[in-house]
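To keep things clear, I will list the structure first and then write my remarks on it.
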Amino acid sequence: AQTVTQSQPEMSVQEAETVTLSCTYDTSENNYYLFWYKQPPSRQMILVIRQEAYKQQNATENRFSVNFQKAAKSFSLKISDSQLGDTAMYFCAFMKQLGGGSNYKLTFGKGTLLTVNP
Amino acid sequence: DTEVTQTPKHLVMGMTNKKSLKCEQHMGHRAMYWYKQKAKKPPELMFVYSYEKLSINESVPSRFSPECPNSSLLNLHLHALQPEDSALYLCASSRTGQTGNTIYFGEGSWLTVV
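Protein chains in written order, with my numbering: chain A, 5 to 122; chain B, 24 to 137.
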């Protein structure tokens, strides 16, 4: 079974600064996907960034980037130029393919509550 | 904007009621999911439908009954629930196949059982 560990239950950062959220995972799979999802107080689960395990290049999406270390099973999220709207719970998630590709299973970490202070 | 639409946004029901949660997506996805999320916890997978057939049931009590009438719709029928079933219920969908897949979530339905 896969496990996802987020060791920082809460973090805070000043507006315009940079913050890094940590995530490690454990799996015996070779092909998988990793995600960071953001869940603001509205509780909608919003995709932040996605990384395919077979790609060595780290994913980047505007102010969000990841540091993917496959051998170390580490997948951290860096948020640059933090904004007040980034305040949310951030979930790291591991996804593997099931049923010959007919569907997928997401395993979430426990989340990191990020607060951006003005 | 989310392309997975859930209704209702909020639902309060008694323990003897029968109600349903509805989910719709128009992205052409053939895999659809129900997740349950308690406060301050990550979402937990309940059911997976693939090509309108139930693919995974994560040992969910029978008082929750999923239904997939067509490739765009997913329902969750609720009957004789308990107060501990109060939670946020998230619907999600994804493409099928080998590459480029992501699970997209709806805004959720808040359920309170009284």
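Yeah, the Cβ is synthetic: ideal placement off N, Cα and C, and Gly gets one too.
All values derive from a computational prediction rather than experimental measurement.
Practice prompt. Starting from M50 (chain B), trace the beta strand (DSSP E) both ways and give me its first and last residue.
Written response: One-based indexing of the second sequence puts residue 50 (chain B) at position 27. That residue, M50 (chain B), is in no beta strand (DSSP E); it is neither H nor E in DSSP.
Fill in: Reduced DSSP category for E90 (chain B) - H, G, I as helix; E, B as strand; rest coil
Here residue 90 (chain B) refers to the residue found at position 67 of the second sequence. Under the three-state reduction of DSSP output, E90 (chain B) falls in the strand class.
Discussion item. For a quick check, are the C-beta atoms of S106 (chain A) and A115 (chain B) less than 8 Å apart?
Written reply: Taking the first sequence and counting its residues from 1, one reaches residue 106 (chain A) at position 102. Taking the second sequence and counting its residues from 1, one reaches residue 115 (chain B) at position 92. No.
Worksheet item: If you measure beta-carbon to beta-carbon, which residues of the region 98-118 of chain B are closer than 7 Å to chain D?
Response: Structure shown: chain D not included; protein chains present are A and B.
Practice prompt. Determine the burial state of E33 (chain A): buried for a count of at least 16 other Cβ atoms within 10 Å of its Cβ, exposed for fewer.
Written response: Here the question's residue 33 (chain A) lines up with position 29 in the first sequence. Looking at its Cβ environment, which holds fewer than 16 other Cβ atoms inside 10 Å, E33 (chain A) is exposed.
Practice prompt. Would you identify the three-state DSSP class for E107 (chain B), choosing helix, strand or coil?
Written response: The residue you call residue 107 (chain B) lines up with position 84 of the second sequence. E107 (chain B) falls in the helix class under three-state DSSP.
Practice prompt. Verify the CB distance criterion: does G89 (chain A) have a CB-CB separation below 8 Å to chain B?
Written response: On the first sequence, residue 89 (chain A) is found 85 positions in, with the first residue counted as 1. Chain B contact via Cβ: absent.
Worksheet item: Excluding sequence positions up to five away, which residues of its chain have a Cβ less than 6 Å from the Cβ of K82 (chain A)?
Response: Sequence index remark: in the first sequence, residue 82 (chain A) carries index 78 (1-based). Excluding sequence neighbours, K82 (chain A) sits near T24, S69.
Worksheet item: According to DSSP, which residues form a beta bridge with M93 (chain A)?
Response: Residue 93 (chain A) sits at position 89 when you count from the first residue of the first sequence. Bridge partners of M93 (chain A): A:Q43, A:L117.
Discussion item. If distances are taken between C-alpha atoms only, which option among B:Y127, B:T119, B:T135, B:L113 comes closest to K45 (chain B)?
Written reply: To locate residue 45 (chain B), count along the second sequence from 1; it is residue 22. Answer by Cα proximity: B:L113.
Worksheet item: Going by alpha carbons, who is nearest to A75 (chain A) out of A:Q10, A:D90, A:Q12, A:Y29?
Response: Position 71 of the first sequence, counting from 1, holds the residue named residue 75 (chain A). Taking A75 (chain A) as reference, the option from A:Q10, A:D90, A:Q12, A:Y29 with the minimal CA-CA separation is A:Y29.
Discussion item. Give me, in chain order, the residues of the same chain whose beta-carbon lies closer than 8 Å to that of N121 (chain A); leave out the 5 immediate sequence neighbours on both sides.
Written reply: Taking the first sequence and counting its residues from 1, one reaches residue 121 (chain A) at position 117. Cβ within range, chain order: S16, V17, Q18, E19.
Discussion item. Using a Cβ-Cβ cutoff of less than 6 Å, which residues in the same chain neighbour K114 (chain A) once the five nearest sequence positions on both sides are dropped?
Written reply: Stepping through the first sequence from its first residue, residue 114 (chain A) is reached at position 110. The residues are Q10.
Worksheet item: Just the Cα atoms here: how many angstroms apart are K61 (chain B) and T22 (chain A)?
Response: Taking the first residue of the second sequence as 1, we reach residue 61 (chain B) at position 38. Taking the first residue of the first sequence as 1, we reach residue 22 (chain A) at position 18. The alpha-carbon atoms of K61 (chain B) and T22 (chain A) are separated by roughly 30 Å.
Discussion item. Less than 8 Å between the beta carbons of P89 (chain B) and V136 (chain B), yes or no?
Written reply: As a first step, residue 89 (chain B) is located in the second sequence; it is residue number 66 there, counting from the start. As a first step, residue 136 (chain B) is located in the second sequence; it is residue number 113 there, counting from the start. In this structure, P89 (chain B) lies away from V136 (chain B), with their beta-carbon atoms at least 8 Å apart.
Worksheet entry | Exposure of P92 (chain B), with buried meaning 16 or more beta-carbon neighbours within 10 Å | Mapped onto the second sequence, residue 92 (chain B) falls at position 69. Exposed, since its Cβ has fewer than 16 Cβ neighbours within 10 Å.
Worksheet entry | C-beta contact flag for S132 (chain B) and P31 (chain B) at 8 Å | In the second sequence, the residue the question calls residue 132 (chain B) occupies position 109. In the second sequence, the residue the question calls residue 31 (chain B) occupies position 8. Closer than 8 Å, so yes.
Item to complete: Consider the Cβ of D24 (chain B): report whether some Cβ of chain A lies at a distance smaller than 8 Å.
Response: As a working mapping, residue 24 (chain B) is identified with position 1 in the second sequence. With a pLDDT of only 48 at D24 (chain B), under 50, the local geometry of the prediction cannot be trusted, and no value is derived from it.
Fill in: Neighbour flag for N34 (chain A) against chain B, beta carbons, 8 Å
Locating residue 34 (chain A) in the first sequence gives position 30, where the first residue counts as 1. Closer than 8 Å: no.
Discussion item. Going by beta-carbon coordinates alone, are S45 (chain A) and T116 (chain A) separated by less than 8 Å?
Written reply: In the first sequence, the residue the question calls residue 45 (chain A) occupies position 41. In the first sequence, the residue the question calls residue 116 (chain A) occupies position 112. As written in the sequence, residue 45 (chain A) is Pro, which differs from the Ser given in the question. No, the Cβ-Cβ distance between P45 (chain A) and T116 (chain A) is not below 8 Å.
Item to complete: Provide the residue span of the beta strand (DSSP E) that contains L18 (chain B), from first to last.
Response: Given that chain B is displayed from residue 24 to residue 137, the structure contains no residue 18 (chain B) and the question cannot be resolved.
Item to complete: Take G129 (chain B) as the anchor and find which of B:N40, B:P66, B:K42 has the nearest alpha-carbon.
Response: Taking the first residue of the second sequence as 1, we reach residue 129 (chain B) at position 106. Distances from the alpha-carbon of G129 (chain B) to those of B:N40, B:P66, B:K42 put B:P66 closest.
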